[in-house]
Amino acid sequence: MSGKPGYHGRILEIDLTSGKSRTVAVPPEDLDKFVGGQGLGMKLLWDRLKKPGVDALSPENPLMFIPGPFSGLPVPSSSRTCVVTKSPITAPLKSDHRHASTVTYSNMGGFFGPEIRFAGYDGLVVTGKARELSYIVIDNDKVTIRDARKFKGMRTDAFDKAFLEELGDRNYKTVYIGPAGENLVPYSSIIHTAGRAAGRGGSGCVMGSKNLKAIAVKGSGQPGVADHERFLAALEKARRALYGTTYAKSWAEQGTARAIVGNSNAGTESVRNYREGTFTEADKIGGDAARRDVWVRDFACYCCPLACKKSGVTKGKYGGVVHDGPEYETGVMLGSNLMISDMPGLLRAIYNIDDLGLDQISTGNVIGFLMEAYEKGMIDRKFLDGIDLTWGSVDATLAMIEKIAAKEGVGALAAQGVANLSRHIGQGSEKFAIHVKGLELAAHNIQGNQPRALSYVTASRGACHMSGDDIAMQNRRAMLDSTGMCFFPTFEPALEEPMLELLSAITGHEYDKAEFEKAGERIFNLEKMFNYREGFRRGDDKLPDRFFEDAFTIGAKKGAVLDRKKFQDMLTTYYQDRGWDPTTTKPGEAKLKELGLEFV
Amino acid sequence: MTRDNEQTRQHQTTFTRREFLKGVGVGGGALVLFGQFGIHSAAWALSGEPTLKMVVVDYNKCTGCRTCEAACSSRNRPAAVAGKALPGLGNPYFANIKVHNFNPDVDVPNVCAMCADTPCAKACPVEPDAKTGRRAFYRDDVTHTMHNDANRCIGCGSCAKACAAQRTGVIRPNPETGKPERMCTLCGGDPQCAKRCPFGALSYVEVRRDRKFYGLGPEKIAAELARNWYGTATLGGVK
Ligand code: SF4
Ligand code: SF4
Ligand code: SF4
Ligand code: SF4
């Protein structure tokens, strides 16, 4: 036991260059101030990268898997692991540092985070670079690095099965990359259970740069808590807030896929490369259709009473694979955004993207951009290696997905993301290259949703729809993603009090709503300072022209478009309210002091 | 508490034989399958006069969330806090129920089937006690739960091997002593797994004492479910 209750007080650091691992104590005050997950990951990144401009794909960049204080305890939905590293995708408009990029974090459900804590750690930090493709096995205190060359190029679904066979023990929880990560496609994902992903921000690419195919973890321990009886009582309350409720049932019923039709109707969906907010054929790929034609069962992450995940199988030309989906993001980015309404085709695209280890969101965004450039005649079929990349074409989409993962032909260009693609194509295509700081936007469209636009431009990892639409929400989510709890159950108001109670009982630090948000604010500000140090300024908090010029022509928000002045005014107010300089976006001394971030 | 109890009771009454067969996903072929290998939940499906209760699984409702593991561990692995025995923090490593996750997505909670013919106990080489007739591995005649007499047990692992080869494979010998662990205790008649399952996938139901059935390992059940749900029986990590 460490000094700080609720934690092991140590992380496991594995250096792939030397092949050595060691446990490193985490100062109790860091655990207290940065909590875990996204926050602790950020602090560890700050400590390890002492200078700006470190190449994200260099051995120096640590790749970290950080659970939180809820992880490993049977707290409802305490399934998340945050993967934190320096981004291989983002870039500032200008900077003195050649490899300047933002922090990146990606939050993943399943069973990996809890297992890290069962194995006796508050996080895994991987540094260095292995000489050959390798994998890491962690069995409590025993850590081994093994040759993974025979798995080279293996897709994630096959690897998930083969890896457990190789380990000979299904108690291991595993994460791995696919061919895309091995090929260093910047927007590669890290996959877990063949269908869950740390998708956004390029963590799979960083893993690939380390020559690391996979990590397997199992353990038999558990961290202690500060107040045992209080914990049990709060656990009881938390369960009661969710079990059997209409709220929980609605998640089990359709998961996030419910919003495929809902957001289309509301005019807030990413459709036709963000040209529209409504997809007239959304009902063909929505939750009702999936429930009727595809889904066979609901499944859940560790100790989660929501079960938002659904697996199913389809028949026909594109059928034959068992997979999770469509979810909102995957269904919209590969469906509505590409005008694809063929359900089996959509599911095949989703499956292939996970199978290759790509980020669903960036991949869908990149293909949407290319479809539009092709339609507008800015690129021709020759540019696309003969692929007839028209709106709604499943075959063309599938062909492009393979090219991207293999970085073959046009895929090598497409793999660089829409910012680089539009730079290459020119002809004014940057107006519809939908990214912020180089990271592609997600499935929420914003011509008629200015608060969500704020989330995209001010998020620490580049365009992020989850970051929060205002300051309070951003602080709250930064903290939530540091605890190990999933975001979805927390919309249930009845969970709020038991959740804070649990966190206090576990850590011995009293949290109320204000204290919770304060911790989040500290984390958000440290991320900001990291990005600022890299050279990101106000000019980088910028949206492509489309959102100010191309008003929706259909749907509930027909005519909606963002106003440049209103948008800039909103940003100025935001920086001021944050205690940041509105010209440079630098957090002020007073704010840093107030948050206990004097060390930056 | 009240709501939980109500929930459990409801599952019991609404859990029909037809549902059960759907649950194990084997339909018409079910009985053949039972005949060949047996499946522990069949105890209930085929039961008549009910006198004994046990935990059975509805695989259609299970989501693989593993809350049952935590609940079981919390009860059966209590913690000593300031001299007081309290429910533990629910470390799933110590649970008597274990949820096996597979690819493609199938989850199979595995718990002692309380086999009528106890191949585990029969495999124990320790001479039966003259008074009780019990080997070091034995069945409680009232609850039918399986127990280990740690004083006489030599830690040979024969019980675990017999269970793994013939039935569910729930017994895990203690890594240091080799003595058997993870046999379901039925939580003294208040099964925490059934009570805490958020999806009503576990039920504590009455079965016949003289039932004839055999437990089936999770891999076999998973393959059957995968075939039924997805049309494939190829499972990852299973040789
Ligand atoms: S708690 Fe219920 S749903 Fe969750 S794994 Fe156990 S049996 Fe399945
Ligand atoms: S499941 Fe295993 S331990 Fe339980 S009674 Fe059957 S053989 Fe014995
Ligand atoms: S391990 Fe103990 S209980 Fe099991 S068979 Fe051997 S002696 Fe009997
Ligand atoms: S009845 Fe009790 S001992 Fe048996 S598996 Fe369920 S929780 Fe564990």
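Chains B and R are the protein sequences, given in the same order. Per our numbering, the first sequence starts with residue 14, numbered consecutively. Per our numbering, the second sequence starts with residue 4, numbered consecutively. In this text, a Cβ means the ideal position worked out from N, Cα and C, and glycines have one as well.
| Would the C-beta of residue 126(R) count as close to ligand 3, meaning under 7 angstroms from any of its heavy atoms? | yes
Closer than 7 angstroms to a non-hydrogen atom of ligand 3 - does that hold for the CB of residue 151(R)? The answer is yes for residue 151(R).
Note to self: With H, G and I counted as helix, E and B as strand and the rest as coil, what does DSSP make of residue 398(B)?
What the structure shows: coil
> Comparing the C-beta of residue 68(R) with each C-beta of chain B, is any distance below 8 angstroms?
Replying inline: yes
### Task
Note down the Cα distance separating residue 496(B) from residue 84(B), rounded to an integer number of angstroms.
8 angstroms
For a test of your reading of the model: does the CB of residue 116(R) fall under 7 angstroms from any non-hydrogen atom of ligand 2? Yes or no. yes
Based on Cα-Cα distance, which residue from 203(R), 146(R), 126(R), 89(R) lies nearest to residue 139(R)?
126(R)
>> Let me see if you follow: with CB-CB separation under 8 angstroms, is residue 131(B) close to chain R or not?
In response: yes
query = So is the beta-carbon of residue 110(R) under 7 angstroms away from any non-hydrogen atom of ligand 1?
reply = yes
Since residue 484(B) is in the alpha helix (DSSP H), which residue starts that stretch and which ends it? Start and end: 484-496.
*Listed in chain order, which residues of the segment 225-246 of chain B have Cβ atoms closer than 8 angstroms to some Cβ of chain R?*
232, 233, 234, 235, 237, 238, 241, 242, 244, 245
- Query: By the criterion of Cβ-Cβ separation under 8 angstroms, what are the contact partners of residue 150(R) in chain B?
  - Reply: Here the premise fails: no neighbours, minimum Cβ distance about 23 angstroms.
Margin query: Taking 8 angstroms as the cut-off, does the segment 251-261 of chain B touch the segment 508-525 of chain B (at least 3 CB pairs, one atom from each stretch)?
Written below: yes
Listing by chain order, which chain R residues have their CB less than 8 angstroms from the CB of residue 504(B)?
What residue 504(B) touches in chain R: nothing, since even the nearest Cβ is about 17 angstroms away.
* Asked: residue 588(B) CB to nearest chain R CB: under 8 angstroms?
  -> no
Query raised in the report: Got a sec, what are the start and stop residues for the beta strand (DSSP E) residue 336(B) sits in?
Result: 335-337
message: Check whether chain R comes within 8 angstroms of residue 22(B), counting only Cβ atoms and requiring the distance to be less than that.
response: no
Cutoff 7 angstroms; reference residue 123(R); Cβ partners in own chain excluding five residues on either side | So the list reads 140, 149, 162, 165, 166, 174, once near-sequence residues are dropped.
Exercise. Return no unless some Cβ of chain R is closer than 8 angstroms to the Cβ of residue 95(B).
Key: no
query = Is any heavy atom of ligand 3 found at a distance shorter than 7 angstroms from the C-beta of residue 129(R)?
reply = yes
When 587(B), 377(B), 370(B) are compared against residue 430(B), the one with the closest alpha-carbon | 377(B)
Would you verify that the beta carbon of residue 93(R) is, or is not, closer than 8 angstroms to some beta carbon of chain B?
yes
| What are the boundary residues of the alpha helix (DSSP H) that includes residue 365(B)? | 356-369
| Would you say residue 220(R) faces chain B, with C-beta separation under 8 angstroms as the test? | no
What's the C-alpha gap between residue 287(B) and residue 226(R)?
Distance from the CA atom of residue 287(B) to the CA atom of residue 226(R), rounded to whole angstroms, is 43 angstroms.
- Task: Could you pull the start and end residues of the alpha helix (DSSP H) that residue 544(B) belongs to?
- Result: Looking at the DSSP string, the run of the alpha helix (DSSP H) that includes residue 544(B) is 526-547.
Just checking, does the segment 558-573 of chain B make contact with the segment 277-294 of chain B on the three C-beta pairs under 8 angstroms criterion?
yes
Buried or exposed for residue 205(B), going by 16 or more other Cβ atoms inside 10 Å? Around the beta-carbon of residue 205(B), 16 or more other beta-carbon atoms lie within 10 Å, marking it buried.
Tell me which residues of the segment 136-160 of chain R have at least one Cβ-Cβ distance to chain B shorter than 9 angstroms, keeping chain order.
none
task = Report the residue from 120(B), 538(B), 352(B), 459(B) whose alpha carbon sits nearest the alpha carbon of residue 216(B).
result = 120(B)
Give the residues from the segment 187-208 of chain R that approach chain B closer than 8 angstroms (Cβ to any Cβ), ordered along the chain. 199, 201, 202
Rounded separation between residue 245(B) and residue 195(R) - CA only: 14 angstroms
- residue 393(B) CB to nearest chain R CB: under 8 angstroms? no
Item to complete: Just confirm the distance between the C-beta atoms of residue 119(R) and residue 93(R), as a whole number of angstroms; I'd bet it's less than 8 angstroms.
Response: At roughly 31 angstroms, the Cβ-Cβ gap does not stay under 8 angstroms, so residue 119(R) and residue 93(R) are not in contact.
### Task
Report the rounded CA-to-CA distance for residue 336(B) versus residue 282(B), giving the unit in angstroms.
23 angstroms
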